[in-house]
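Residue numbers (the numbering used here), protein chains in the order written: chain A, 912 to 1018; chain B, 13 to 131.
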């Protein structure tokens, strides 16, 4: 089973600042990493799919990079509307496994 | 517009059974793999089951294997999750999620339905 270690668990930034979230996997998963945003009371929303592919309609301030075991999710120029929980998901092998989540707050 | 609507969540006693449903619309249901994903009260996400587009192949993590059964009725555009021998640790919000057209990524999720297992 591939373990996904996500960090940090929480962070607080001012609007306009850059956010960086990292997920490290215990096995090589090529580029099969996905990134989700979840706002209170809503289901997770796919922002970036495998191959670091930004989903249609998702603002370009969201991006990701990485291959193999080390993956980074970035928000440039963070807005107040970006307050949410963020999760990574490895979809390379079963059982599909999620990171523990990152809670983003705005100062 | 892709829509996934779950139903069937309830309060169940340990050892009990329950069947969840997910009604799909806005896309060709029979062309997509589907999964169930749950979110526990501490907000942890866990993949629960996957079924191929035609329904021939199913997959489960060890935590639910032998207790949960995923199925689908492509004529009714509906996904199911039959759960038995329920435990307190199965308490969660259960989401159905559609797979991507080419790769797995769970690209659309329903609003979820809540299962509580408690005596």
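By construction, the Cβ of each residue, glycine as well, lies at the ideal position given by its N, Cα and C atoms.
None of the values given here were measured: they were computed from a predicted structure.
Going by DSSP, name the residue or residues bridged to residue i.
i, result
"residue 949(A)", "996(A)"
"residue 113(B)", "DSSP, once it has assigned bridges, lists no residue as partnering residue 113(B)."
"residue 58(B)", "50(B)"
"residue 923(A)", "1016(A)"
"residue 31(B)", "94(B)"
"residue 973(A)", "986(A)"
"residue 930(A)", "986(A)"
"residue 105(B)", "51(B) and 126(B)"
"residue 24(B)", "129(B)"
"residue 944(A)", "1001(A)"
"residue 120(B)", "110(B)"
If residue i and residue j are in contact, beta carbons under 8 Å, what's the gap, nearest whole angstrom?
i, j, result
"residue 945(A)", "residue 959(A)", "7 Å"
"residue 78(B)", "residue 65(B)", "Between residue 65(B) and residue 78(B) the Cβ distance is about 24 Å, and since that is not below 8 Å, they are no contact."
"residue 80(B)", "residue 61(B)", "6 Å"
"residue 91(B)", "residue 30(B)", "Wrong, their Cβ atoms sit about 15 Å apart, outside the cutoff."
Only counting the same chain, and skipping five residues up and downstream in sequence, which positions put a Cβ closer than 6 Å to that of residue i?
i, result
"residue 105(B)", "51, 124 and 126"
"residue 923(A)", "1016 and 1018"
"residue 13(B)", "38"
"residue 962(A)", "942"
"residue 82(B)", "61, 63, 70 and 93"
Leaving out the 5 sequence neighbours to the left and right, which residues in its chain are closer than 7 Å to residue i when beta-carbon positions are compared?
i, result
"residue 112(B)", "119"
"residue 1001(A)", "913, 915, 936, 940, 943, 944, 1007 and 1008"
"residue 21(B)", "32, 106, 125, 126 and 127"
"residue 121(B)", "16, 107 and 109"
By Cβ distance, which residues of its chain are closer than 8 Å to residue i, with the 5 residues on each side in sequence left out?
i, result
"residue 53(B)", "103 and 104"
"residue 971(A)", "965"
"residue 982(A)", "933, 934, 935, 936, 944, 975, 976 and 999"
"residue 100(B)", "26, 129 and 130"
"residue 955(A)", "947, 948, 949 and 998"
Where does residue i land, buried or exposed, given buried means 16+ other C-beta within 10 angstroms?
i, result
"residue 919(A)", "exposed"
"residue 890(A)", "This structure cannot speak to residue 890(A), because chain A is shown only from 912 to 1018."
"residue 968(A)", "exposed"
"residue 957(A)", "buried"
"residue 995(A)", "buried"
Report whether the distance from the Cβ of residue i to the nearest heavy atom of the ligand SAH is below 7 Å.
i, result
"residue 62(B)", "Summarising the ligand content, the structure contains no ligands, and the ligand SAH is consequently not present."
Item to check | Three or more C-beta pairs below 8 Å linking the region 970-979 of chain A and the region 1003-1018 of chain A | outcome: no
Next on the checklist: I'd like to know if the region 19-39 of chain B and the region 53-65 of chain B are in contact, where contact means that at least 3 CB-CB pairs between them fall below 8 Å.
Outcome noted: no
Item to check | Inter-stretch contact at 8 Å, needing at least 3 Cβ pairs: the region 982-995 of chain A / the region 921-932 of chain A | outcome: yes
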